[in-house]
Structure formats: C-alpha cells, structure tokens
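*Asks:*
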Amino acid sequence: MALLEIKNLVVDFATATGSLRAVDGIDLTVDEGEIVAVVGESGSGKSVGMLALMGLLPWTSTVNADHIVFDGQDLLNMPDKERRKIIGKDISMIFQEPMTSLNPCFTVGYQITEVLAQHFGGKRRSYNDKAIELLNQVGIPAAESRLNSYPHQLSGGMCQRVMIAMMIACQPKLLIADEPTTALDVTIQAQILELLIELQKSRGMALVLITHDMAVVAETAERVVVLYAGQQVEQRTVKQLFKKPKHPYSEALLNALPERANDKLLNAIPGVVPGQMDRPQGCLFSPRCDYATTLCREKSPNLNDGILCHFPLGDEKKKTEKSIKLEPQ
Amino acid sequence: MPEPLIKARNLHKYYGIKDGLLQASKNLKALSGVSFDLYEGQTLAVVGESGCGKSTLARLLTSIENPTSGHLSVDGIDMAKSHDKATSKKLRQTVQMVFQDPFGSLNPRQKVGDIIQEPLLINTVLSSLERREKALEIMRLVGLKDEYFHRYPHMFSGGQRQRIAIARALILKPKVVVLDEPVSALDVSIQAQVINLLIELQKELGLAYVFISHDLSVVRHIADEILVMYLGKPVEHGPSEVIFNNPKHPYTQALLSATPSTNISIKRQRIKLIGELPSPINPPTGCAFNPRCQHAHKSCKISEPIMETYGESQAACLALDEGRI
Amino acid sequence: MNNISTPVTSIRSQQWKEFWFYFSASKSAVAGLVFLTLVILMAIFADVISPHGPAEQFREYAKIPPAWMEGGQAQFFLGTDYAGRDMWSRIIHGSRMSLLAGIVVVVLSMSIGVFLGLIAGYRGGWVETLIMRVMDTIMAVPGLLLALVLVAILGPGLLNAMVAIAITYTPSFVRLTRASTLTELNRDYVSASRVAGAGPARLMFISILPNCMAPIIVQGTLSFSTAILDTAALGFLGMGAQAPIPEWGTLIAENRDLILNAPWTVTFPGVAILLAVLSINLVGDGLRDALDPKLKRS
C-alpha cells in the first residue's frame, strides 16, 4: 500500500476577478522511502497542491479530491484537530526561504524543542539533548552553542539546515521540500540536497521534492511528476523522462535549458503560461506546442497512459504544422 | 586594438561598519583588487556566490557609488573624479543597468510607459510626444505590445517585467548594459526567451554586457569572458570556453561541480565543499577560500594569492603558484 | 498605428473592483462606510434636512424631552436644550463642524508630517536626527494638553483648535513616512531611478512617496476619528468652537449642568460622536485590510 495517495486533487481560489483553478486534477502516489519530484514553473500549482495537502492554504481556497489517503488515513475529510497531530509529525514540510521560515523572535533551540514537545508531550527543555543531536545530524558545527542562536545570526544554508532538523525531529514518514534550495547559493545547494538524500536514506523517509530546476530533479529524484498550468502532464521515472520525454511540454522544458542549446540561441518556448483569463479551449499547452493540431486546440486531452496529451511523443515524431506565430509578448 | 569601453584596474571598495556605538569602525572589504577590460560588443560574465562583491561591482559601474581606490574609467571618463552635470549625463547614457528582481525593480505605482520614459524625461528635453514615440519604439524592440504602455507592473509576469526593465535600460541607447542576475528569478522557459532577447539585442545594437550571475549554465551560453569572484577578490579570469573546459582555481572547479546538470549519463567527479560562505566582515586570513579548499596548505592561511597567468587564463591560487595542482 | 488607446478607464475600474472585493469582505467595514456616508450626506444637506435653524430659539419650549418621551413634541425630535433650540437640528449642523475639523486636521498634519518624514528618511544624518527629536518632543507631551497650550497661545476658536490638534498629530505621520521611506529606499526600483539620473526631489516624491501611501491613508482615517474626539474635547473645555456654533463637543459643554434634569441634551451629542468615530474606525480597519499587500490571498 502506498504511503501517500492523492487522486484528482482540485484547488480553487476565490479572487476579485472570479474563481481561479490553481490545481486541476493532480494524482500523486508516493511509496515508503521513495523520492518523487514535482516539477513545474510558476502557475503550475506545484506548491499549492502540497500546501493543500498540509491544510496551509488561506481562507479564499477550496480543496476537493477523490481521495487523499496518508498511511491509511483519510486526510481530506479529517477534522483540523486530528490533522494537526499528523502534520509536523508524520508529514513535514520545509519551505523555500529559510531566512523567513524560522521565527525571528525565538532561538533555534526553542523552535526545535517546541516541535518535539508539541508532538511528544512533556517539558520543552527536556528535549535539549535531542535538539543537539538533530543539529549534529544536519551538519551544524558547534551544535550546543547554536541552540541559543537566533535565525538572523545564521546564514541561509544554516537556517535551512535548522529547518530540516526541526522537520525531521519527529521522524516523519514523509517530508515535503518546497524549493528548498532555490534561495541558496550553488555550493550550499549541493550540500543541502546531499543532506536531504542522506537523511532520506538513513531514515527510510519518503521525500517529495518540489522544484522548477530540472537539473536538481535529474540528480536527486527517482520518479518525477511534471505539472503545467495546474494540470499533471506527465509522470515517469527520472531516467525515462530525461532520456525520452513523452509530453511536448516536458520535451520543450528540457530543450530550453542552456546546456541543451545547440547554437547561439536557446530553444525558448514561445508564449507564456495561461493565466486566469486566457485559458485556451482545448489543451492548455496547445498555443505553445510545436506539435499542436486542430484537435489539440479544440478538445482537452484525457490522460493517455499517464500522459495528458492527444498525441504523446512516441517513436514517430508527429511534428505537424508549426503553432501559429505568436505575437510579441 | 581599440580602447576598451570599460577599464578597471585594481578596484577596491570598502565600507566602514560600526559594530556598536563606541567601537571603532571595521572595514567591510566588498571588493579587493578587481581588474578587467570590456570592449564594445563583448560580454563579460561576473560569477560568484553571496558576498563575492558582484553587486558592489554593479553599483560602481553605474556610478551609484565610487570606488575607494583603484582606477575605473568608462568610455574614457575617469569615475573617481567628481563630474559636472554634462559628464554625469554622458555617463548615464553610456552605462545602464537591469536589476535582478523583476518584481522589485519596477515602481508599482508607475505605469509601464512612465517607467520606460523616465530616463528620457530626466536626461533629455524631448517633448512628451517624442518621448512616447521613443518608448513605444523600444517596447516593440523588446517584444512588448503597444497597449502595455498604460498598464501597471503588477499585471505582468516575471518575464514581461524583465522586458520592461530591459526597455528602460536601453532607451538612452547605452553602450554598456550591466545585467545583475537578470534571469535568476525567472522560470526556465522564460529564461530562455529573455536570454535570446539579450543575445539578439546585443547583435543588433552592438551592446557590451557585464552579465552578473551565479548560474554557470546560463553564463556559458552568453559570455565571451568570465571573471570568477570569491569574497570580493577575483580568483579566475579568462575566455569562456577555457574556464569551462579547463578550470584552474579550486573554487571554480567546485562551482562547476556543484552546478547540477540534466546530463545524468555522464558520471561526474563531485567536489564537495565543506563549510559555509565566509562573511565579508570577518574574512579568513590569507587566501579567502582556504577554509573550504581541499588543496589548502599552511601557506594558504598566511599569504594572499595574486592573479597569475596560466596559459590562456589567469588565476589567483597559491597551490597553482607552488605547483601543487 | 499607436493602439495604446485601450481604455484607461477599464484598468481603473478593475482596480476599484479589486479594492471593493477585499474591502467588502469585512461586513463591519461596509456598515461603517454606509453610516459614514449618511453622516457626510447629513452634513452636506444640513440646511435642507434640518427641521429648524440651529440657532433658532424657542423660548417657550426650553428643555423639552425627546418626541417619544412623556412631554415631548413631534416637532422637536430629540428634544430641546436650555435655550429652546432643537437638538436634532443642532446635531445635524454640528456634523458639518466635526467633519470639517476632521478634514482640516488630517490634511494639515498629513501634509506636513509626510513631507518631514520623507526628508528625514531620505537624507538621514543630522537632518533626520533633528526632525525625529523634535517629533519625539512633541509626542512626549500629552496630546490634549499640548493642544490646550497651543490654543491658549493662539486664542480659542474652532480653527485654532484644529491647527493645535494638527500639530499634535504630525509626529505619527512623520514616523510612519520615515519608516516606509527607509524600507523603500533600498528597493531596486529606486536604484533604477537613480541610475537613470533622478535627483532627490524626484526620488522622494515620485518614486518613493506613492509607495508609502497605504499605511498613511489608514493612519489618516484613524486620525480623522481622533480629531473629531479631540475637537469635541477642546469644545467641551470651552477652548474650541465657541457657542453658539453647534459643534458636538460644545453642545455637551453648554448643557453640562442639565445632565440630571435633561439628560437628552448631553446624551445625543455624545452618541453622535460615538457613532461617527466608530464608523470611521471601522472604515479605517477595512481600508487597512484591503490595502495591505502582505495579506496572503491567493
């Protein structure tokens, strides 16, 4: 049985200009000890989906799904009180901006011991030794003296490590990392990713890595889910995706990377991700797709063997008429 | 050999930081000893992580600040001297800047048209109609629709905002554009669009770029020359291909190694850097990189290396000097 | 050729629509707005809707209780005061005074305060220190006391009361603006204007100021309500509007002795002050929620 099973997650936001569908039918299955990457650009709904799972969305949101089951328990219809017992203990999440994810008013030690006391009861101070142990595990030097440091005294990389320590304190079965290294420098990014993988292996923790960086996905994850404009377009193993992507968006995304440019100019994808107002009638990617046909522009595709496309890229390239020359953006 | 557009020799920039009311001020060495030449139509990439001084360099080049010491001349004008109005204007028309954060570099309360026209309004005596014409012209050049003229920045995506920022930078027809991490905050597909735009504009307008970035994959594609910096000091400098194919300095090698790649078929030798980036207020003694360097020796903690030429590039490393690597 | 004639009005109306969406999310803010609108209309059309003149005395009808109480008369809806003047008419006309006081005080203190705050934040150094210390000194003296002293110097009267109160409100605007200026000063768009060659005046008033307005506007609405209260207080003390000007605080002062015999003469002006101040505060709250960009919505 899978550890986490999400089927047909839909998230709507009430805005001044009507309802916005940020997430439109995401399916995600995570097994124990697996590393799954959720990849997408802005507007893909990748963060929103996971925040919905954690119950962290603002009041303007509505969350619906066929089912959301974690470790056999129904998360979708669970009352908030019950959910709070699971969030932070069995499911944890680390966020993008380490400097602002930690409470600036409290010391590092306080924040870590608070998490432990909250979930395991007892006096907060009694967990000081555990906190030191955790700080050592995440590679913070001089852990004992660090207990009394405030977040602003630490660098970005250190803050992220503290964040990780807080989130693995209760031995979660699933850790969700929302762009954990985007705000960090390259050499620190490498360290943090390595730490996450190491912790994941040693604790048998499942890891969901949300990112927009395909290269990070290639080097870290086992399976990958590609999102576009709130919809799930492809779900494969990492090796398969990077060798031969089946959805035109995945292919275009990979080709747009600088390292895959053939000549002086990069292979940019023309156009922009559709917003609230300009959602195309058929496939959401059709205005920007090299392979789009009239069918694609008129009718929304269904999931075709896990790929949301009328004509998944197979061995025969179906490069039909080029998409209409787009006006300058 | 024509004169370089920008000539920088041994630039230093120090800030005095007061560590408390009664303490003597410490020196924050934001830049120590940067030298380079930038020629017309060329792209120099400045690469480094936080605290390396690249933003400080950007501020010096756009005359927001003056260097503490060293020589910096732009199109023949010496930046260290104080300038009269006419010279200041000429400088502004020579060097312009595109900032990193597309969401912060445009005034949220000004319409796009006003934002783009502002440099003209300040520096020229063109009529309102003439200004508008020029603004629309530039907008078309960077791929923005005419009707965006009257809209506010928050209605646009990151990529479009960067185009607006580029339009603003180009309206005075500068010769040099300083780009401070112009695509770091953008999605991959938009990054590619903006980089292509920058490459095309460079060809069409004969611009020289100072491209500041921490993303080596982007830089490889657009740069002619690369300057790698660490904690305010230059550590390696050379032609783009040489730096990528044969990096000499341990930091450059670590940086390249740490940059993830989608080419999973190639097994790479990972250079793991331990430790954090040092703070510029309390730099390590000797070579700034020595606490994290796998080739560090006793001498590295004592003396600071200087840039020496090795083949087609230059690097500042004692291990290289002493032949240890 | 130039098709930038896309209606600017449609962009404006979209902004208003968005603003209204967030403002109307708070029912109390909308209720406050409705009541405030009524007060404003009352002030504008005072001459038309008021049944009697505010200074018109009906000697034979002095101290008549409100219409629904025993002994009341329909023509004097809220009763009459010691001189036989209709309370309801006096309150209606008094709304003009109170609103005027609020507007004048806010406009004066906001314009001076914002200007000083901008300069303090932008220039820094000794200019900032000087301005902030002067403001600190003003804030160190209790507001009403300071206003009393100023009025004593300038002479009693509604206008002088308003000027005095405006001076006591200036420091909060200075502080607010300086804080916002310091934050905005480091933003990239200000640097971009600098690189374009903008001088201090353009940077301060065109680049920075429009971005500081949200907290200033909110402070403005709150100062509006406090101004009404303070003007009423000064009026009550006899140092503000002088009789027979029907300013609400003055109304209470005049009828102070009747608080036991004819309580309606003091109660209703008091209720008017309460409701006006409450409605403005509710609107101010709603404004803050609607204008605060940091509130995560979607």
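Protein chains in written order, with this note's numbering: chain A, 1 to 329; chain B, 330 to 654; chain C, 655 to 952.
Even for Gly, the Cβ is constructed at its ideal location relative to N, Cα and C.
Computed from a predicted model, the values in this text were never measured in an experiment.
Bridge partners for residue 361 of chain B per DSSP, in chain order?
*Replies:* B:341
*Asks:* Below 7 Å CB to CB, which residues in the same chain sit around residue 798 of chain C once its five sequence neighbours on both sides are set aside?
*Replies:* 884, 887
*Asks:* Can you check the segment 71-142 of chain A for any beta strand (DSSP E) of at least 3 residues that lies completely inside it and give the ranges in chain order?
*Replies:* Annotation: the segment 71-142 of chain A contains the following complete segments of the beta strand (DSSP E) (minimum length 3 residues), in chain order: 91-94.
*Asks:* Residue range of the beta strand (DSSP E) that residue 12 of chain A falls in?
*Replies:* 4-15
*Asks:* Helix, strand or coil: how does DSSP classify residue 558 of chain B here?
*Replies:* strand
*Asks:* For residue 479 of chain B, does the three-state DSSP call read helix, strand or coil?
*Replies:* Per DSSP, reduced to three states, the secondary structure at residue 479 of chain B is helical.
*Asks:* Roughly how many whole angstroms lie between the Cα atoms of residue 209 of chain A and residue 769 of chain C?
*Replies:* Approximately 49 Å, taken between the alpha carbons.
*Asks:* Thinking residue 473 of chain B and residue 491 of chain B are a contact (beta carbons under 8 Å), I'd like their distance in whole angstroms, please.
*Replies:* So it is not a contact: roughly 11 Å between Cβ atoms.
*Asks:* If you drop the 5 nearest sequence neighbours on each side, which residues of the same chain put their C-beta closer than 8 Å to that of residue 943 of chain C?
*Replies:* 676, 677, 679, 680, 683, 949
*Asks:* Step through the CB atoms of chain B and report whether any lies within less than 7 Å of the CB of residue 851 of chain C.
*Replies:* For residue 851 of chain C, the answer is yes, since a Cβ of chain B falls inside 7 Å of its Cβ.
*Asks:* Figure out for me which residue from A:92, A:98, A:82 has the closest Cα to the Cα of residue 172 of chain A.
*Replies:* A:92
*Asks:* Could you give the residue range of the beta strand (DSSP E) that holds residue 310 of chain A?
*Replies:* Judged by DSSP secondary structure, residue 310 of chain A falls outside any beta strand (DSSP E); it is assigned neither H nor E.
*Asks:* Within 7 Å (strictly less), CB to CB, does residue 846 of chain C reach chain B?
*Replies:* True, the Cβ-Cβ gap to chain B drops below 7 Å.
*Asks:* Between C:704, C:841, C:800, C:786, which lies nearest to residue 828 of chain C when the distance is taken from Cα to Cα?
*Replies:* C:786
*Asks:* Who does residue 565 of chain B pair with in a DSSP beta bridge?
*Replies:* Looking at the DSSP output, residue 565 of chain B bridges to B:557, B:644.
*Asks:* To which residues of the same chain is residue 830 of chain C closer than 7 Å at the C-beta, ignoring the five residues directly before and after it?
*Replies:* The answer, listed in chain order, is 771, 869, 870, 873.
*Asks:* Based on the DSSP output, what are the partners of residue 426 of chain B in its beta bridges?
*Replies:* B:507
*Asks:* Let me know if residue 904 of chain C comes out buried or exposed under the rule of 16 or more other beta-carbons within 10 Å of its beta-carbon.
*Replies:* buried
*Asks:* So is residue 675 of chain C in contact with chain A if we call contact Cβ pairs under 7 Å?
*Replies:* yes
*Asks:* Skipping 5 residues on each side, what residues in its chain have a beta carbon closer than 8 Å to that of residue 151 of chain A?
*Replies:* Correct list, in chain order: 99, 102, 103, 104, 108, 159, 162.
*Asks:* Taking C-beta pairs closer than 7 Å, name the residues in chain B that residue 158 of chain A reaches, listed in chain order.
*Replies:* 605
*Asks:* Using only CA atoms, which one of B:547, B:428, B:557 lies nearest to residue 264 of chain A?
*Replies:* B:547
*Asks:* At least one CB of chain C closer than 7 Å to the CB of residue 183 of chain A: is that the case?
*Replies:* no
*Asks:* Any residues in the segment 373-404 of chain B with a beta carbon nearer than 9 Å to a beta carbon of chain C? Which ones, in chain order?
*Replies:* 388, 391, 392, 393
*Asks:* From residue 112 of chain A to residue 140 of chain A, what distance separates their C-alpha atoms?
*Replies:* 14 Å
*Asks:* What are the complete beta strand (DSSP E) segments, minimum 3 residues, inside the segment 169-244 of chain A?
*Replies:* 174-178, 206-211, 223-228, 231-237
*Asks:* Could you tell me the distance, in whole angstroms, from the CA atom of residue 225 of chain A to the CA atom of residue 421 of chain B?
*Replies:* Across the structure, residue 225 of chain A and residue 421 of chain B are spaced so that their CA atoms are roughly 47 Å apart.
*Asks:* Give me, in chain order, the residues of the same chain whose beta-carbon lies closer than 8 Å to that of residue 380 of chain B; leave out the 5 immediate sequence neighbours on both sides.
*Replies:* 560, 561, 606, 607, 608, 609
*Asks:* With a floor of 4 residues, list each alpha helix (DSSP H) that falls wholly inside the segment 698-756 of chain C, ordered by position along the chain.
*Replies:* 700-703
*Asks:* Where does the unbroken beta strand (DSSP E) through residue 20 of chain A begin, and where does it stop?
*Replies:* 18-30
*Asks:* By the DSSP assignment, the alpha helix (DSSP H) with residue 52 of chain A in it spans what residues?
*Replies:* 46-54
*Asks:* Which residues in the same chain as residue 696 of chain C place their Cβ atom closer than 8 Å to its Cβ, once the five residues preceding and following it in sequence are excluded?
*Replies:* 703, 746, 749
*Asks:* Run through the DSSP bridge pairs and tell me what residue 406 of chain B is partnered with.
*Replies:* B:403
*Asks:* Quick check: residue 690 of chain C and residue 925 of chain C, are their CB atoms within less than 7 Å of each other?
*Replies:* No. Outside cutoff.
*Asks:* Please tell me whether residue 16 of chain A has its Cβ less than 7 Å away from any Cβ of chain C.
*Replies:* yes
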